[in-house]
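First comes the structure, then the notes that go with it.
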Amino acid sequence: MPKRSKVVELLNAQSPIDIIAAKGWVRTRRDSKDFSFIELNDGSCLTNIQVIADSILTNYDAIKTITTGSAISVEGKLVRSPGSGQQWEIQATNIDVIGHAPDSYPLQKKRHSDEFLRTIAHLRPRTNKYGALFRIRSQLSYAIHRFFQERGFWYIHTPIVTGADCEGAGEMFSVTTLDLSNVPKKDSHVDYAHDFFGKEAKLTVSGQLSAEMLALALGEVYTFGPTFRAENSNTSRHISEFWMVEPEMAFYELNDDMDIAEEFVRYLATYAIEECSEDLALFARFVDKTLMNTLENIASNEFIRLPYTEAIGILENSGGSFEFDVAWGKDLQSEHERYLTECHFRRPVIVYDYPKDIKAFYMRLNDDGKTVTAMDVLVPRVGEIVGGSQREERYDVLKARIEEMGLSEQDYWWYLDSRRFGSAPHSGFGLGFERFLMLITGITNIRDVIPFPRTPKHLEF
RNA sequence: UCCCCGGUAGCUCAGCUGGUAGAGCGGGUGGCUGUUAACCACUAGGUCGGCGGUUCGAGUCCGUCCCGGGGAGCCA
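Quick note: the first sequence uses the working numbering, first residue 4, plus one each step.
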């Protein structure tokens, strides 16, 4: 048997090939008078290859029982197709059924709702839409590495399991080997001294604090890995386990941070347009008609940069009626972010210099004493896609902020240490990969851009 | 967690003011055909999400629970 070719290679052939082999899953089969048409897909690209199974094949009776979803192996020659609609097709000389799919196979040759497909997440990668999505997901993962590697960033790995209360960014999942039906206690509290690590352990909500330590040694670094939030959030934009990209750069101030964040987002949009065109076209056609305009807009326009105080002014003078009041000192609500990026500017907006009371302790305090060097990149439809800041590098100021926020200085001893020994200005940001995929594909529910989503009360598959 | 909407055939849905259920696709059978979401004919398939209530009678009205979706908060 000849070496198996990928369908994408066959479709891109320059000339006929006498002997080829292909394997994949049947999308549909149609009978003609003396032969059968089989649409074969192996995941290597969106397009199927058409296989002609002539009735003279010795197992033609078996071939006629091939159903949608079956796995088959095909040998034959690659020929120019006499039919319209495809350039190449396989004239089969032998077809074997590797795995039959009975007619209870849930995927049909028709559009299914995303809600239904979510209930069969183990099979939905076999649809055109989800196949395309997961290929784009892979390509953009690669593009993320390429962007940073091209710029001399080092890829680092920060812990998944982390000590308690050291990050303060939402609810965390506990990690324990304690017998939950017989928890050791001391003064009516759980005694973590008996737990695996001898102290309370959690799943990470961010690798940032660790990444800062590496940035203050390697210069420019980034993480790209799983992140966990135990928030009881039930929305189309939240999942409990997601992937986040977190670059961290020494000697970068806030403007440098905004520069690299903008360059990064535009690089990825450009990459998607150029390298994922076939799969992207599916989303532009069936999911969001305005998708290509949105992507071109991101790729080719400079982002608006807007201090928080000016953003508040725009919102106050907008004349728009918002459900939530706009006032200096309050965080921007989803509706406010969307107004800025979708209505007022109609392009991505970076809002920066937020009031210190609504932002994290590690953000650098500005000279006005009221704001910190936070910056959020807001994009149409998805809202906040990047959140970042210049970090507080001054030991005394950072220590005061930790105390002010009621955090424990001891928990942060190593973080503070980095400000005692050769401290330097540095900055970073985080980008939620799934939210970014929503932006790129137009998919509106975050559960549909990750293979097996984890959300409250859902741990199937 | 809060607010709103929904749950009818394998899938997508229709079913007006209460009178015991329909279509398209999919499946099966037959026909036709270098077809391509193929086409034509026939056919099978549903205790209308669960429980309780109102009524002579409930898919339809009421209560409650479960599940799904949208929005909000939290955030990425």
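Quick reminder that beta carbons are idealized off the backbone N, C-alpha and C, glycines included.
Sequence-distant Cβ neighbours of residue 261 in its own chain, meaning closer than 6 Å and more than five residues away, are 353 and 378. Secondary structure at residue 65: helix, using DSSP grouped into helix, strand and coil. Secondary structure at residue 123: coil, using DSSP grouped into helix, strand and coil. Residue 113 carries a coil assignment under DSSP once its states are collapsed to helix, strand and coil. Contact between residue 304 and residue 350 holds: CB atoms are separated by about 5 Å, below the 8 Å threshold. According to the DSSP assignment, residue 76 belongs to the beta strand (DSSP E) that extends over 74-83.
When rounded, the separation of the alpha-carbon atoms in residue 404 and residue 395 is 9 Å. For residue 461, there is no enclosing beta strand (DSSP E), as DSSP marks it with neither H nor E. Closest in alpha carbon position to residue 355, among 442, 338, 85 and 373, is 373. DSSP places residue 211 within a helical segment (H, G or I) once states are collapsed to three.
Residue ranges of uninterrupted beta strand (DSSP E) with 3 or more members, entirely inside the segment 200-257 and ordered along the chain, are 204-206, 223-231 and 244-253. The residue from 266, 66 and 389 with its alpha-carbon nearest to that of residue 34 is 66. For residue 355, the enclosing beta strand (DSSP E) begins and ends at 352-358. Residue 128 and residue 331 have their alpha carbons spaced roughly 46 Å apart.
Per DSSP, residue 333 lies in no alpha helix (DSSP H) and is assigned neither H nor E. Proximity to residue 297 across 38, 384, 241 and 184 peaks at 384, based on C-alpha coordinates. Under the DSSP assignment, residue 308 falls in the beta strand (DSSP E) whose first and last residues are 307-310.
Distance check between residue 80 and each of 457, 94, 254 and 72 places 94 closest, using alpha-carbon atoms only. Assignment of residue 52 by DSSP, reduced to helix, strand and coil, places it in the strand class. Rounded to the nearest whole angstrom, the CA to CA distance from residue 283 to residue 448 is 17 Å.
Excluding its 5 nearest sequence neighbours in each direction, residue 120 has C-beta neighbours in its own chain below 6 Å: 127, listed in chain order. For residue 303, the enclosing alpha helix (DSSP H) stretches over residues 294-303. Annotation: residue 13 to residue 142 spans about 21 Å, alpha carbon to alpha carbon.
Of the residues 401, 29, 205 and 411, the one whose Cα lies closest to the Cα of residue 112 is 29. Here DSSP, grouped into helix, strand and coil, assigns residue 365 to coil.
For the pair residue 428 and residue 254, the CB atoms are nearer than the 9 Å cut-off.
Cα atoms of residue 257 and residue 430: separation of roughly 7 Å, rounded to the nearest angstrom.
A residue is called buried once 16 or more other Cβ atoms fall within 10 Å of its Cβ, and residue 279 is buried on that count. One Cα belongs to residue 441, the other to residue 196, and the distance between them is close to 43 Å.
Residue ranges of uninterrupted beta strand (DSSP E) with 3 or more members, entirely inside the segment 387-449 and ordered along the chain, are 429-435. No Cβ-Cβ contact shorter than 9 Å links residue 58 with residue 40. Spatial neighbours of residue 451 in its own chain (CB-CB distance under 6 Å, excluding positions within 5 residues in sequence) are listed in chain order as 117.
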